[in-house]
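Peer 1:
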Amino acid sequence: MINSTGTLARIGRIIGIAVLVLAAMVALGPLLWTITTSLRTPAEAFSNPPQWIPLHPDFSNYSAVFDKIPIGRFFFNSVIVTGLIVIGQTITCTLSGYAFAMVSFPGRSVIFGIFLATMMVPLQTIIIPVFVIIRYLGLSDSPLSLVVSALGSAFGTFLMRQYFMQMPKELGEAARIDGAGHFHTFLLIYAKMAGPAIATLAILNFSGFWAEFYRPLIFLQTQDNFTLPLGLVGLQGNLGTGSISVVLAGVVLAILPSVVLFIFAQRYFIAGITAGASR
Amino acid sequence: MSAAAAEVPAAIAKRRRHPSSHREAPFGFAMIGLSCLFVAVFTAIPIVASLGLSFFSWDVISSPQFVGVENYQRLFTDGPVLKSFGVTLGMALAIVVLQLTLGLALAVLVNQRKLVWIRTIFRTAFYLPLLASTAAVSIFMGYLFDYKFGVVNYYLGLLGIPNVPWLTSGLGAAATIVLIAVWQQVGFTFVLFVASLMSVPTDVLEAAQIDGAGPLRTLFRIKVPLISPTILFAAVVALINAMQLFDQPYIMTKGGPGSATTTVTISMYQKGFQNLQFGYGSAIAIVLLAAILIITGLQFLAARKLVFYQ
Chain F
202 MINSTGTLAR IGRIIGIAVL VLAAMVALGP LLWTITTSLR TPAEAFSNPP QWIPLHPDFS
262 NYSAVFDKIP IGRFFFNSVI VTGLIVIGQT ITCTLSGYAF AMVSFPGRSV IFGIFLATMM
322 VPLQTIIIPV FVIIRYLGLS DSPLSLVVSA LGSAFGTFLM RQYFMQMPKE LGEAARIDGA
382 GHFHTFLLIY AKMAGPAIAT LAILNFSGFW AEFYRPLIFL QTQDNFTLPL GLVGLQGNLG
442 TGSISVVLAG VVLAILPSVV LFIFAQRYFI AGITAGASR
Chain H
1270 MSAAAAEVPA AIAKRRRHPS SHREAPFGFA MIGLSCLFVA VFTAIPIVAS LGLSFFSWDV
1330 ISSPQFVGVE NYQRLFTDGP VLKSFGVTLG MALAIVVLQL TLGLALAVLV NQRKLVWIRT
1390 IFRTAFYLPL LASTAAVSIF MGYLFDYKFG VVNYYLGLLG IPNVPWLTSG LGAAATIVLI
1450 AVWQQVGFTF VLFVASLMSV PTDVLEAAQI DGAGPLRTLF RIKVPLISPT ILFAAVVALI
1510 NAMQLFDQPY IMTKGGPGSA TTTVTISMYQ KGFQNLQFGY GSAIAIVLLA AILIITGLQF
1570 LAARKLVFYQ
């Protein structure tokens, strides 16, 4: 009897590991195929069986992608747009998150309540008025339209507020007695301690806005203004299936920055996911 | 305030210990100013504007015409748009169910691994798809699921299965897009569940083991109830996201074949931005928002019976 449950447990463990390995292969397979196929010559890119290990890597697709489309331009646009949003939201959300957590002012809970309510509203349901406002501001077809409309964030404010709430109020009071002003207390004491929360917010914003497709599709018309995801989809359309290895080289280049960042800052990615769950 | 003014010395002493809201107010308003401005102009006002616009007919060029509830009347008799709500609901439910079940199963299996580095490897593997943009994923998945040359059909062919019309038949395209969305998003629920399972107290699990509970019974009677608040959160977030499904069907199938993968957001994009019917597009947006709110409400209602708060 004891023996049979022992074997049963062992079989269960083996099945468990087999399922995990299979799932990992399914998760990684398409990404691996994308990389290895981007290293095949355009002629054999679509020939099966796929080459899982690039024995004779051919890097010509990576130069071809720069020749055939303005991918350098797309990259530049994406860096500017994502960079400005990350910096901008770090500033706006740190300021407002601190105020909602640490400063008392009339109407604080009502205003914060409005912030929380807007957090529930999906972007797609407000995109038409946002587009109209962008037009009125004269920012149609400008990469800056993506930046300006993303500088405030209710979620980011919420995230920063949660972090500041955990900090001891006594530190600030001590500094105030020593004669530090409100803003100095914030900047030199509390903001300095908020590093992990700022990193989490920055990483969340980077990965979200670097990958964004919907707003660029609606806001941008001229190819020169496209960000990477929008430009890549256009690239796929222009070239057809003839040279998918070139398209895939572009895809690999677009994913690369996120992967590099993930390698160095994995815990902030994870923190970003679990941060929302603590609501 | 007037009472405080009467006892001036006491009030000053009190203020020193507890700075009153009055004195901090200008600083507070200055600090929230930027966020308030941007959230108001690009989120709060657009919500009201979306609702307002839905009662107008507007092609952006000429001035808007008030039409009352005409846009809504049109919506509820517009077959293709109504169908897009059905398509979205069906795909969203499939995505949420698969994403939660797979995420939970993988999280439980990974949590059973004792070695940290093995857990890290699997966690990284399941997280990596999230790093790619939906645009990038739609591009390479489009090649992988190609009818003639795709790798998926190639391997199925080795197993003796004839080519599957993944993206060229209605059911196939809907199923493919569901699978691709789950493939990319499962890491999100997985990470949530792994973190949540870690917080299940070991003494509870040990007690269950001593009482002779097997692994399956421990999972469904102890672990799942204990992490049910996280499951609810994951279900709500996944469903809100899935109801807005746009990138994958737009890039891979343009909503087709026919209208098999035309989601609500694709209909809204077509009416609003391609046909320049901003009023009608807004009405679709408002009905989508209402649908999302109702479904989320239902989830919380169901959670009252199912979710276990410690």
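Note that the protein sequences, when read in sequence, are chains F and H.
Count along the first sequence from 1, then add 201; that gives the number in the numbering used here.
Count along the second sequence from 1, then add 1269; that gives the number in the numbering used here.
Ideal Cβ placement from N, Cα and C applies to all residues, glycine included.
(1) Just the chain H side, please: which residues come within less than 8 Å of F/Asn262 by C-beta, in chain order?
(2) Does any residue of chain H bring its CB to less than 7 Å from the CB of F/Phe247?
(3) Would you please state the rounded distance, in angstroms, between the beta carbons of H/Met1410 and H/Ile1449? I believe it to be under 8 Å.
(4) Determine whether the Cβ of H/Gly1527 lies closer than 7 Å to any Cβ atom of chain F.
(5) Tell me the rounded alpha-carbon separation between H/Tyr1578 and H/Ala1363.
(6) Taking a contact to mean a Cβ-Cβ separation below 7 Å, would you say H/Leu1501 touches H/Ala1572 in this structure?
(7) Quickly, what does DSSP pair H/Gln1334 with across the bridge? List them, please.
(8) If we ignore side chains and look at the alpha-carbon of each, how far apart do H/Ser1551 and F/Phe463 end up?
(9) Should F/Pro307 be labelled buried (16 or more other beta-carbon atoms within 10 Å of its own) or exposed?
(10) Can you pull the chain F residues whose beta carbon is under 7 Å from the beta carbon of H/Pro1484, in chain order?
(11) Which of helix, strand or coil does DSSP assign to H/Ser1528?
(12) Hey, would you say F/Gly298 sits closer than 7 Å to F/Thr358, going by beta carbons?
(13) Just checking my contact of F/Ala246 with F/Ile445 at CB under 8 Å: how many whole Å lie between their CB atoms?
(14) Considering only the beta carbon of each residue, do F/Gly217 and H/Leu1384 sit closer than 7 Å?
(15) If we define contact as Cβ-Cβ less than 7 Å, is H/Asp1480 a contact residue for chain F?
(16) I need the straight-line Cα distance from F/Val220 to F/Arg214, nearest angstrom please.
(17) Assign F/Phe465 to buried or exposed, taking buried as 16 or more other Cβ atoms, counted over all protein chains shown, within 10 Å of its Cβ.
(18) Would you be able to state if there are at least three C-beta pairs under 8 Å between the segment 272-284 of chain F and the segment 238-257 of chain F?
(19) Per DSSP, what kind of secondary structure is F/Asp425 in: helix, strand or coil?
(20) When the cut-off is 7 Å and only beta carbons count, does F/Met202 lie next to chain H?
(21) So H/Gln1231 and H/Pro1518 are in contact, right, with Cβ under 8 Å, and what is the actual spacing, rounded?
(22) Please classify F/Arg468 as buried or exposed, where buried requires at least 16 other C-beta atoms within 10 Å of its C-beta.
(23) Give the residues from the segment 291-307 of chain F that approach chain H closer than 8 Å (Cβ to any Cβ), ordered along the chain.
(24) Can you give the Cα-Cα distance for H/Ser1290 and F/Lys393, rounded to whole angstroms?
(25) With distances taken from CA atoms, which of H/Thr1530, H/Thr1565, H/Leu1558 is nearest H/Val1356?
(26) Can you find the residues in the same chain that come closer than 6 Å, C-beta to C-beta, to H/Val1447, ignoring five residues on each side of it along the sequence?
(27) In angstroms with no decimal places, state the Cα-to-Cα distance between F/Ser261 and H/Tyr1423.
(28) How long is the line joining the alpha carbons of F/Ala351 and F/Gly432, rounded to whole angstroms?
(29) Is H/Ile1496 closer than 7 Å to H/Ser1465 when the C-beta atoms are compared?
(30) Tell me, please, whether the CB atom of H/Ala1274 is closer than 7 Å to any CB atom in chain F?
(31) Using a Cβ-Cβ cutoff of less than 7 Å, which residues in the same chain neighbour H/Ala1275 once the five nearest sequence positions on both sides are dropped?
(32) Counting only runs of 4+ residues fully inside the segment 226-291 of chain F, write out the alpha helix (DSSP H) ranges in chain order.
(33) Checking contacts by CB at 7 Å: is H/Ala1571 closer than that to chain F?
(34) Counting pairs of beta carbons, one from the segment 343-350 of chain F and one from the segment 280-291 of chain F, are three or more of them closer than 8 Å?
(35) Quick one: list the residues of chain H neighbouring F/Ile474, beta-carbon separation under 7 Å, in chain order.
(36) Report the three-state DSSP secondary structure of H/His1287 (helix, strand or coil).
Peer 2: Let's see:
(1) Numbered from its first residue, the first sequence carries residue 262 of chain F at position 61. Per Cβ cutoff of 8 Å: no residues; F/Asn262 is ~14 Å from chain H at best.
(2) Sequence index remark: in the first sequence, residue 247 of chain F carries index 46 (1-based). By this cut-off, F/Phe247 is an interface position.
(3) Within the second sequence, the letter at position 141 stands for residue 1410 of chain H. Within the second sequence, the letter at position 180 stands for residue 1449 of chain H. Right, their Cβ atoms sit about 5 Å apart.
(4) Working through the second sequence from its first residue, we reach residue 1527 of chain H at position 258. With 7 Å as the cut-off, H/Gly1527 does not count as an interface residue toward chain F.
(5) What you label residue 1578 of chain H is simply residue 309 of the second sequence in a count that begins at 1. What you label residue 1363 of chain H is simply residue 94 of the second sequence in a count that begins at 1. Cα to Cα, H/Tyr1578 sits roughly 27 Å from H/Ala1363.
(6) Working through the second sequence from its first residue, we reach residue 1501 of chain H at position 232. Working through the second sequence from its first residue, we reach residue 1572 of chain H at position 303. Taking 7 Å as the Cβ cut-off, H/Leu1501 and H/Ala1572 qualify as a contacting pair.
(7) Along the second sequence, one-based indexing puts residue 1334 of chain H at 65. BP columns for H/Gln1334 point to H/Ser1326.
(8) The residue labelled residue 1551 of chain H in the question sits at position 282 within the second sequence. The residue labelled residue 463 of chain F in the question sits at position 262 within the first sequence. Answer to the nearest angstrom: the Cα atoms are 38 Å apart.
(9) Position 106 of the first sequence, counted from the first residue, corresponds to residue 307 of chain F. Label assigned to F/Pro307: exposed.
(10) By one-based count along the second sequence, residue 1484 of chain H stands at place 215. What H/Pro1484 touches in chain F: Gly213.
(11) On the second sequence, residue 1528 of chain H is found 259 positions in, with the first residue counted as 1. Reduced to three states, the DSSP call for H/Ser1528 is coil.
(12) Start at 1 with the first residue of the first sequence, and residue 298 of chain F comes out as number 97. Start at 1 with the first residue of the first sequence, and residue 358 of chain F comes out as number 157. Yes. Within cutoff.
(13) Numbered from its first residue, the first sequence carries residue 246 of chain F at position 45. Numbered from its first residue, the first sequence carries residue 445 of chain F at position 244. Contact flag correct, Cβ pair sits at about 5 Å.
(14) Position 16 of the first sequence, counting from 1, holds the residue named residue 217 of chain F. Position 115 of the second sequence, counting from 1, holds the residue named residue 1384 of chain H. No; because the gap between Cβ atoms is not below 7 Å, this pair is not in contact.
(15) Here the question's residue 1480 of chain H lines up with position 211 in the second sequence. So, not an interface residue.
(16) As a first step, residue 220 of chain F must be located in the first sequence, where it is residue number 19. As a first step, residue 214 of chain F must be located in the first sequence, where it is residue number 13. So the two alpha carbons sit approximately 10 Å from each other.
(17) Numbered from 1 along the first sequence, position 264 holds the residue referred to as residue 465 of chain F. By the neighbour-count rule (16 or more Cβ atoms within 10 Å), F/Phe465 is not buried but exposed.
(18) no
(19) For the purposes of this step, residue 425 of chain F is identified with residue 224 of the first sequence, where counting begins at 1. Helix.
(20) Here residue 202 of chain F corresponds to residue number 1 of the first sequence, with the count starting at 1. Confidence at F/Met202 is low in this model, with a pLDDT of 44, below 50, so the placement of that residue is unreliable and no value is reported for it.
(21) A question about residue 1231 of chain H goes unanswered here, because the residues of chain H that appear run from 1270 up to 1579.
(22) Taking the first residue of the first sequence as position 1, residue 468 of chain F is located at position 267. Classification of F/Arg468: exposed, given that the 10 Å Cβ count is below 16.
(23) Ile292, Thr293, Cys294, Leu296, Ser297, Tyr299, Ala300, Phe301, Val304, Ser305, Phe306, Pro307
(24) Translated into positions along the second sequence, residue 1290 of chain H becomes position 21. Translated into positions along the first sequence, residue 393 of chain F becomes position 192. In this prediction, H/Ser1290 scores a pLDDT of 49, lower than 50, which makes its location untrustworthy; the coordinate-derived value is nonetheless stated afterwards. The alpha-carbon atoms of H/Ser1290 and F/Lys393 are separated by roughly 24 Å.
(25) On the second sequence, position 87 is the one that residue 1356 of chain H refers to. The candidate whose alpha carbon is nearest that of H/Val1356 is H/Thr1530.
(26) Walking along the second sequence from the start, residue 1447 of chain H turns up at place 178. Met1360, Ala1363, Ile1364, listed in sequence order.
(27) To locate residue 261 of chain F, count along the first sequence from 1; it is residue 60. To locate residue 1423 of chain H, count along the second sequence from 1; it is residue 154. If you take the alpha carbons of F/Ser261 and H/Tyr1423, they lie about 26 Å apart.
(28) Taking the first sequence and counting its residues from 1, one reaches residue 351 of chain F at position 150. Taking the first sequence and counting its residues from 1, one reaches residue 432 of chain F at position 231. Computed Cα separation, rounded: 20 Å.
(29) For the purposes of this step, residue 1465 of chain H is identified with residue 196 of the second sequence, where counting begins at 1. For the purposes of this step, residue 1496 of chain H is identified with residue 227 of the second sequence, where counting begins at 1. Yes, Cβ-Cβ distance for H/Ser1465 and H/Ile1496 is below 7 Å.
(30) Working through the second sequence from its first residue, we reach residue 1274 of chain H at position 5. Residue confidence for H/Ala1274 is low, a pLDDT of 43 falling below 50, so the modelled location carries little weight; the figure read from the coordinates is stated next. So, not an interface residue.
(31) As a working mapping, residue 1275 of chain H is identified with position 6 in the second sequence. Bear in mind that a pLDDT of 42 at H/Ala1275, under 50, signals an unreliable position, so the number given afterwards is only what the model happens to contain. Around H/Ala1275: no qualifying Cβ.
(32) 261-269
(33) Taking the second sequence and counting its residues from 1, one reaches residue 1571 of chain H at position 302. With 7 Å as the cut-off, H/Ala1571 does not count as an interface residue toward chain F.
(34) yes
(35) For the purposes of this step, residue 474 of chain F is taken as residue 273 along the first sequence, with counting starting at 1. Simply Phe1457, Val1460, Leu1461.
(36) Residue mapping note: residue 1287 of chain H aligns to position 18 of the second sequence, counting from 1. Confidence in H/His1287 is poor, its pLDDT being 49 and thus under 50, which makes the residue's placement too unreliable to answer from.
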